[in-house]
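J.: Chain order of the listed sequences is A and B.
Position one of the first sequence corresponds to residue 9 (my numbering), numbered consecutively onward.
Position one of the second sequence corresponds to residue 9 (my numbering), numbered consecutively onward.
Cβ coordinates follow ideal geometry from the N, Cα and C atoms, glycine included.
Provided herewith is a single structure, encoded as structure tokens, for subsequent inquiry.
Number of protein chains: 2
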Amino acid sequence: MNAAIVLFDEQGYEETTIAQIAEAAGLTKRTFFRYFSDKREVLFSGSEELEHRWLEGMAKAPVDAAPLSAVMAGVDPVAEIFVERHAFARVRSRIIAANPELQERELIKLQRLAEAIKVALRDRGVESNQAILAAEAGITVFHVTFARWVAQDDATAFRRLTDESLNELRSVTAA
Amino acid sequence: MNAAIVLFDEQGYEETTIAQIAEAAGLTKRTFFRYFSDKREVLFSGSEELEHRWLEGMAKAPVDAAPLSAVMAGVDPVAEIFVERHAFARVRSRIIAANPELQERELIKLQRLAEAIKVALRDRGVESNQAILAAEAGITVFHVTFARWVAQDDATAFRRLTDESLNELRSVTAA
DNA sequence: GAGGCCAGGACACTCAGTGTCATCAGCTAC
DNA sequence: GTAGCTGATGACACTGAGTGTCCTGGCCTC
Chain A
9 MNAAIVLFDE
19 QGYEETTIAQ
29 IAEAAGLTKR
39 TFFRYFSDKR
49 EVLFSGSEEL
59 EHRWLEGMAK
69 APVDAAPLSA
79 VMAGVDPVAE
89 IFVERHAFAR
99 VRSRIIAANP
109 ELQERELIKL
119 QRLAEAIKVA
129 LRDRGVESNQ
139 AILAAEAGIT
149 VFHVTFARWV
159 AQDDATAFRR
169 LTDESLNELR
179 SVTAA
Chain B
9 MNAAIVLFDE
19 QGYEETTIAQ
29 IAEAAGLTKR
39 TFFRYFSDKR
49 EVLFSGSEEL
59 EHRWLEGMAK
69 APVDAAPLSA
79 VMAGVDPVAE
89 IFVERHAFAR
99 VRSRIIAANP
109 ELQERELIKL
119 QRLAEAIKVA
129 LRDRGVESNQ
139 AILAAEAGIT
149 VFHVTFARWV
159 AQDDATAFRR
169 LTDESLNELR
179 SVTAA
């Protein structure tokens with residue numbers, strides 16, 4: 009994974025072959041594919057942890073919390089680990105921003121997260137239609153926040169930026 | 009495009025090769041790639057029309073419309089053409105639902121639409137942060153609505169389902 | 001009818017991704 | 001300590017997506 013990111017950053021994602029990554033890591037191409045299902049996946053191995061932490065955070069929300077509040081409780085444990093990964097996130101974001109196929113992968117990871125959140129909401133007793141929309145709204149806030157967080161310099165700002173984005177979403181959707 | 013959809017439906021997306029599609033259409037593989045940039049794109053050629061209609065609908069919204077209202081005005085011309093495409097949309101959705109790489113493409117098309125909507129909002133004088141969130145909220149409603157529309161039988165229900173989803177989003181985000 | 005233009009064919013090539021078998025290190029058992 | 005098992009990696013061949021390049025033939029214009 010480290011070998012891949014260095015190469016992507018230096019010479020570009022498209023221009024880097026799996027054979028190069030494997031060689032840099034002292035492995036064969038075949039072994040690369042035993043760890044990552046495809047070339048894009050090497051940049052998204054953190055997504056299981058993200059989902060795990062999000063659901064963990066949601067579990068701590070009070071049982072009577074409103075659906076969207078329960079969803080947003082997932083951000084806390086996530087924002088925590090993001091603090092020390094700001095520099096890394098910026099490099100990674102730059103690589104992704106330059107490649108549509110990586111953006112696709114990022115979007116589907118967010119979508120899968122939204123689906124997991126929806127299930128967690130249903131398990132809390134939230135009705136299905138409501139659950140989808142609360143989950144999607146939370147992911148929208150997260151997505152927008154993430155973009156703002158990598159675009160600025162304060163590594164610790166994630167939590168604050170989340171609240172700002174959430175408030176903006178609330179004011180924009182207020183009838 | 010017709011040849012491709014028939015083959016995808018009959019034997020599966022993964023199992024269908026470009027050579028087969030090209031042969032069924034009386035062309036060569038090389039010519040396929042002169043019309044479609046990749047294999048997934050053959051299912052998404054309608055996205056320019058979607059974007060075009062959406063922006064057209066937004067242009068008709070009153071200048072003093074709230075951002076999200078302006079966004080949702082884009083649905084009208086879209087819902088119109090959807091009526092006669094319900095059967096097609098169902099086949100297409102079934103194919104997409106079975107293939108993660110097609111879901112990725114669908115998500116990035118929605119994202120591009122959201123970006124175009126954001127630009128249109130900015131052009132209407134909406135502030136940038138507000139514009140992103142209104143655009144993303146509108147796309148969330150559209151995405152959820154589309155899924156509901158293909159899951160039921162009334163081809164003309166799109167407009168109504170949109171309003172229901174929008175109301176649900178509003179109630180879920182109300183503080 | 002000579003010249004120019006352009007859509008499509010022919011063909012070779014790269015690279016992502018997969019199936020399959022061989023190898024080798026480490027562990028367990030007796 | 002050796003026989004046998006297991007799991008990780010290498011070797012290698014193969015398929016299919018996608019691209020570069022050159023060629024051909026139809027059509028349009030003067």
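1) In this structure, does DSSP put PHE16(B) in helix, strand or coil?
2) Quick check on PHE150(B): does DSSP put it in helix, strand or coil?
3) Within the continuous alpha helix (DSSP H) that includes GLN28(B), where are the two ends?
4) Considering only residues of the same chain and omitting the five flanking positions on each side of TRP157(A), which have a CB-CB separation below 8 Å?
5) Please state if the CB of LEU121(B) and the CB of GLU59(B) are separated by a distance shorter than 7 Å.
6) Of all Cβ atoms in chain A, is any one closer than 7 Å to the Cβ of GLN119(B)?
7) Between LEU129(A) and ALA143(A), how many whole angstroms is the CB-CB distance? I'm expecting something under 8 Å.
8) Spatial neighbours of THR148(A) within its chain, please: CB distance less than 8 Å, with the 5 preceding and 5 following residues excluded, ordered by chain position.
9) Spell out whether any CB of chain A is found under 7 Å from the CB atom of GLU8(B).
10) Between the Cα of GLU92(A) and the Cα atoms of ALA69(A), ASP162(A), ALA12(A), GLU172(A), which residue gives the shortest distance?
11) Please identify, using Cβ separations under 7 Å, the residues of the region 88-112 of chain B that lie next to chain A, in order along the chain.
12) Just the Cα atoms here: how many angstroms apart are ARG38(A) and GLU114(A)?
13) Leaving out five residues on either side along the sequence, give the residues of the same chain with a beta carbon under 6 Å from the beta carbon of ARG61(B).
14) Could you spell out where the alpha helix (DSSP H) holding MET135(A) opens and where it closes?
15) Listing by chain order, which chain B residues have their CB less than 9 Å from the CB of GLU23(A)?
16) Considering just the uninterrupted stretch of the alpha helix (DSSP H) at ARG42(B), what are its terminal residues?
17) For VAL134(A), which of ALA12(A), TYR43(A), ALA74(A) has the nearest alpha-carbon?
18) Compile a chain-ordered list of the residues in the region 127-159 of chain A whose CB is closer than 7 Å to at least one CB of chain B.
19) Cutting at 6 Å between CB atoms, please list the residues of its own chain near ALA30(B), excluding the five before and the five after it.
20) Does ILE116(B) have its Cβ less than 7 Å from a Cβ in chain A?
21) Which residues mark the beginning and the end of the alpha helix (DSSP H) in which MET80(B) is found?
22) Determine, using beta carbons only, whether VAL79(B) comes closer than 7 Å to chain A.
23) For the alpha helix (DSSP H) that ALA69(A) lies in, which residues bound it at each end?
24) Drop a sphere of 10 angstroms on the beta-carbon of VAL127(B), count the other beta-carbons inside from all chains shown, and report buried for 16 or more, exposed for fewer.
25) Find the residues of chain A that neighbour GLU176(B), judging by a C-beta separation of less than 8 Å, and give them in chain order.
26) Assuming contact is defined by CB atoms lying nearer than 7 Å, are VAL152(B) and SER179(B) in contact in what I supplied?
27) Would you check if the region 67-82 of chain A and the region 40-51 of chain A touch, i.e. whether three or more CB-CB distances between them fall below 8 Å?
28) Let me know the secondary structure DSSP gives GLU176(B) once reduced to three states.
T.: Looking at the atomic coordinates:
1) helix
2) helix
3) For GLN28(B), the enclosing alpha helix (DSSP H) covers residues 26-32.
4) PHE90, HIS94, ALA97, ALA165, PHE166, LEU169
5) yes
6) Answer yes: the Cβ-Cβ gap between GLN119(B) and chain A drops below 7 Å somewhere.
7) 6 Å
8) LEU177
9) A query on residue 8(B) cannot be resolved here, the shown segment of chain B reaching from 9 to 183 and no further.
10) ASP162(A)
11) PRO108, GLN111, GLU112
12) 24 Å
13) PRO85, VAL86
14) Before going on, a small fix: residue 135(A) reads as Glu here, not Met. Here GLU135(A) belongs to no alpha helix (DSSP H), and DSSP marks it neither H nor E.
15) Here the premise fails: no neighbours, minimum Cβ distance about 18 Å.
16) 37-43
17) Comparing Cα-Cα distances from VAL134(A) to each of ALA12(A), TYR43(A), ALA74(A), the minimum goes to ALA74(A).
18) ASN137, GLN138, ILE140, LEU141, ALA142, GLU144, ALA145, THR148, VAL152
19) THR36, LYS37, PHE40
20) yes
21) Taken as a continuous stretch (DSSP letters only), the alpha helix (DSSP H) holding MET80(B) covers 75-80.
22) no
23) Segment: none, ALA69(A) is in no alpha helix (DSSP H) and carries neither H nor E.
24) exposed
25) ASN137, GLN138, LEU141
26) no
27) Taking a cut-off of 8 Å on C-beta distances, the region 40-51 of chain A does not touch the region 67-82 of chain A, as fewer than three cross pairs fall below it.
28) DSSP places GLU176(B) within a helical segment (H, G or I) once states are collapsed to three.
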